[in-house]
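Chemist: This is the structure I have questions about; it appears just below.
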Amino acid sequence: MDTCNVFEGSWVRDDSYPLYDASHCPFVERGFNCLANGRKDRDYTKWRWKPKNCEIPRFDARGILEQLRGKRVVFVGDSLSRTQWESMICLLMTGVEDKKSIYEIKGNKITKQIRFLGVRFSTFDVRIDFYRSVFLVRPGSVPRHAPQRVKTTLRLDKIDDISHEWIDSDVLIFNSGHWWTRTKLFDVGWYFQVDNSLKLGMTINSGFNTALLTWASWVESTINTNRTRVFFRTFESSHWSGQNHNSCKVTKRPWKRTNRKERNPISNMINKVVKSMSAPVTVMHVTPMTAYRSDGHVGTWSDQPSVPDCSHWCLPGVPDMWNEILLSYLLPK
């Protein structure tokens with residue numbers, strides 16, 4: 001896979017897709033199962049990503065499970081990471097006859113709030129885990145003498161306190177980005193802190209970059225990259241429109257052009273930081289491939305139809321392709 005940029009290519013229609021039915025996969029949360037929530041068109045499930053200069057191997061659930069036997073795959077990030085985690089489980093389930101042999105290890109239901117979810121494929125002794133860590137760094141308490149608008153701090157110099165649970169893994173996939181916005185931070189009283197000093201004037205991009213450097217040095221000092229293959233997924237394009245970027249029109253077909261959505265400051269920072277690392281980390285640069293997929297979003301077919309959503313993706317759908325690409329990196333060369 002390394003000789004070709006697998007993220008440069010186009011979407012081609014393929015009637016052998018989708019690879020699973022979300023209604024037969026108990027690990028898809030209701031909010032992402034667009035067909036169950038009343039979406040009538042199915043075309044958005046029928047697209048395969050075709051790289052310009054190579055092929056992504058045909059997905060073979062059984063072969064992948066054999067490859068992953070005895071291993072632990074860990075996703076860390078926000079709800080987009082959870083979507084990819086759900087997609088991965090549904091894809092792999094298609095290779096297992098005894099569906100009861102696949103279960104959430106604590107018997108938890110798949111919900112937005114829970115910080116840890118782990119699914120075990122017992123026949124293959126494979127674990128697919130998800131840790132909710134939307135910033136990758138940890139929240140801190142408000143220092144004395146802080147202005148009143150500061151309700152919580154984000155310790156940009158400290159990796160998340162659950163990070164010790166990510167170490168013992170064979171494949172480790174990170175994402176972050178969707179929470180690095182004014183509305184999710186400054187507007188609700190979250191401000192940046194480094195060491196003991198509050199950084200009230202620090203921009204969000206600068207905060208994100210500082211957090212990424214903290215993550216990078218944690219990977220370099222903590223992860224045994226001879227065992228663990230590390231990935232970082234870039235920002236997945238959202239398709240909000242209108243003056244305040246708050247209206248959401250889900251199309252019937254992918255866009256023919258990326259309409260300038262293939263570039264993103266968060267993705268640029270991820271690419272730059274990973275390039276500077278001494279540890280081997282693979283960037284999954286999904287920003288350009290998702291830029292075309294204005295048809296793949298949840299829209300009003302979620303568990304909250306009154307709140308249109310042009311950030312999250314329907315399952316089956318676009319995140320399945322991220323997993324096909326991810327798994328192709330793990331196949332023997």
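If you read the sequence shown in full-length UniProt numbering, its first letter stands for residue 1, the second for the next number, and so on. Ideal placement from N, C-alpha and C gives every residue a C-beta, glycine not left out. All figures in this text were calculated on a predicted structure; none of them were measured in a lab.
#1: Exposed or buried, what is V126 when buried is set at 16 or more other beta-carbons lying within 10 Å of its beta-carbon?
#2: Between the segment 133–150 and the segment 184–203, do three or more beta carbon pairs fall short of 8 angstroms?
#3: Have a look at the DSSP bridge pairing and note the partners of T225.
#4: Is DSSP giving Y44 helix, strand or coil here?
#5: So, is R30 buried or exposed, given that buried needs 16 or more other C-beta atoms within 10 angstroms?
#6: If we count Cβ pairs, one from each stretch, closer than 8 angstroms, do we get three or more for the segment 8–27 versus the segment 79–93?
#7: Count the other C-beta atoms from every protein chain shown that fall within 10 angstroms of the C-beta of D98, then say buried if there are 16 or more, exposed otherwise.
#8: If you draw a straight line from the alpha carbon of R227 to that of I204, how long is it in whole angstroms?
#9: Taking the DSSP output, what are the residues bridged to P51?
#10: Assuming the contact rule is C-beta atoms closer than 8 angstroms, G207 and I266 should be a hit. Round their C-beta distance to whole Å, please.
#11: Count the other CB atoms within 10 Å of the CB of W11; is the residue buried (16 or more) or exposed (fewer)?
#12: Using only alpha-carbon positions, find the residue among R233, K272, M277 that is nearest to S221.
#13: Taking the alpha-carbon of G118 as reference, which of G201, W215, G107 has the nearest alpha-carbon?
#14: Please name the residue, chosen from W179, V74, V230, H239, that lies closest to A211 on a Cα-to-Cα basis.
#15: From T123 to I105, what distance separates their C-alpha atoms?
#16: What residues in its chain sit with their C-beta under 6 angstroms from that of N209, if we drop five residues either side in the sequence?
#17: So S237 packs on K261, CB below 8 angstroms; how close in whole Å?
#18: From this set, K100, V273, D295, M289, which residue's C-alpha is nearest G9's C-alpha?
#19: Which whole-angstrom value describes the C-beta separation of L172 and F121, a residue pair presumed to lie in contact below a C-beta threshold of 8 angstroms?
#20: From V137, H245, G95, pick the residue whose C-alpha is nearest to that of I162; which is it?
#21: Can you list, in chain order, the residues of its chain with a C-beta nearer than 8 angstroms to that of N5? Leave out the 5 residues immediately preceding and following it.
#22: Look up M202 in the DSSP assignment and give the residues it is bridged to.
#23: Around the C-beta of V307, are 16 or more other C-beta atoms found within 10 angstroms, so that it is buried, or is it exposed?
#24: Who are the Cβ neighbours of R39 in its own chain at under 8 angstroms, not counting the five residues just before and after it?
Modeler: In terms of the structure at hand:
#1: Result: buried.
#2: yes
#3: Beta-bridge pairing links T225 to no other residue.
#4: helix
#5: Flag for R30 reads exposed.
#6: Output reads yes: the segment 79–93 touches the segment 8–27.
#7: exposed
#8: 34 angstroms
#9: G9
#10: Going by Cβ atoms, the distance from G207 to I266 rounds to 11 angstroms, so no, they are not a contact pair.
#11: So W11 ends up on the buried side.
#12: M277
#13: G107
#14: Nearest C-alpha to A211 among W179, V74, V230, H239: W179.
#15: 14 angstroms
#16: So the list reads M269, once near-sequence residues are dropped.
#17: 4 angstroms
#18: Nearest of K100, V273, D295, M289 to G9, Cα basis: M289.
#19: 18 angstroms between Cβ atoms; not a contact.
#20: Of all alpha-carbon atoms in V137, H245, G95, the one lying nearest the alpha-carbon of I162 is that of V137.
#21: P51, K52, N53
#22: According to DSSP, which records beta bridges pairwise, M202 is partnered with nothing at all.
#23: exposed
#24: Around R39: G299, W301, C314.
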